[in-house]
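Everything on this sheet refers to the single structure shown next.
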Amino acid sequence: MIEPLRVLVADDEPTILEILNLALTEMGHTVTTACNGKSALEQALEIDFDLIITDLKMPQMGGLEFTRRLVELRPMMSNRIILITGDVSELTAALQKTPAALHILPKPFGMAELTHAIDSWWARRRHDAAAQQPAS
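All residue numbers for the sequence shown refer to the numbering used here, where the first residue is 17 and numbers rise by one.
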């Protein structure tokens, strides 16, 4: 079971924001939302989120630019991001441009896929943290 997380969700589609907010809140997480990458970056620089779920395509600043800027300013955030997208061609480009630690969740997705993506992200994060601990 994953402990409650502070999650930032960035998407320009109000319906997606509402659905993710409700789903993540039901899972026990605290959710903050942003309607574009610029707003998400401002919030992510003020609050130490455990997880960020961001859409690829958004006005003012897309998900890749948001991710690039955030990781540039706060490198420790590089393994806390799940990128969501409904555009397969953009997904292919995103895979080539993103940090290795970035998780990608294609749209449309259901609760099972969202839960699996978060569980996979959490397991990888815990594995990476354990690997960085000195052997005793």
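For glycine and all other residues, C-beta sits at the position ideal for the given N, C-alpha and C.
Task: Proximity below 7 Å, CB of VAL23 to CB of THR49 - done: Position 7 of the sequence shown holds residue 23. Position 33 of the sequence shown holds residue 49. No, the pair does not count as a contact, with Cβ atoms beyond the cut-off.
Open item on the list: On a Cα-Cα basis, can you pick out the residue from MET127, ARG85, ILE100 that is closest to HIS119?
Closed with: Reading the sequence shown from its first residue, position 103 is the one you call residue 119. With distances taken between Cα atoms, HIS119 lies closest to ILE100.
Task: C-alpha distance - GLY78 paired with LEU36, whole-angstrom precision - done: For the purposes of this step, residue 78 is taken as the residue at position 62 of the sequence shown. For the purposes of this step, residue 36 is taken as the residue at position 20 of the sequence shown. When the Cα atoms are used, GLY78 and LEU36 turn out to be separated by approximately 18 Å.
Task: Proximity to LEU21 [Cα-Cα], best of ARG96, GLU81, ASP71, PRO124 - done: Position 5 of the sequence shown, counting from 1, holds the residue named residue 21. The shortest Cα separation from LEU21 among ARG96, GLU81, ASP71, PRO124 belongs to ARG96.
Task: Anticipated Cβ contact below 8 Å, ALA39 with LEU130, distance rounded - done: Within the sequence shown, residue 39 is the residue found at index 23, counting from 1. Within the sequence shown, residue 130 is the residue found at index 114, counting from 1. Going by Cβ atoms, the distance from ALA39 to LEU130 rounds to 6 Å, so yes, they are a contact pair.
Task: In DSSP terms, what LEU99 is bridged to - done: Residue mapping note: residue 99 aligns to position 83 of the sequence shown, counting from 1. THR70, ILE120.
TODO: Taking 7 Å as the cut-off, decide whether the C-beta atoms of ASP71 and ASP27 are in contact.
DONE: Taking the sequence shown and counting its residues from 1, the one referred to as residue 71 is at position 55. Taking the sequence shown and counting its residues from 1, the one referred to as residue 27 is at position 11. Contact: yes.
- [ ] For the alpha helix (DSSP H) holding ARG84, just list the boundary residues, first then last.
- [x] Here the question's residue 84 lines up with position 68 in the sequence shown. Per DSSP, ARG84 is one residue of the alpha helix (DSSP H) stretching across 79-89.
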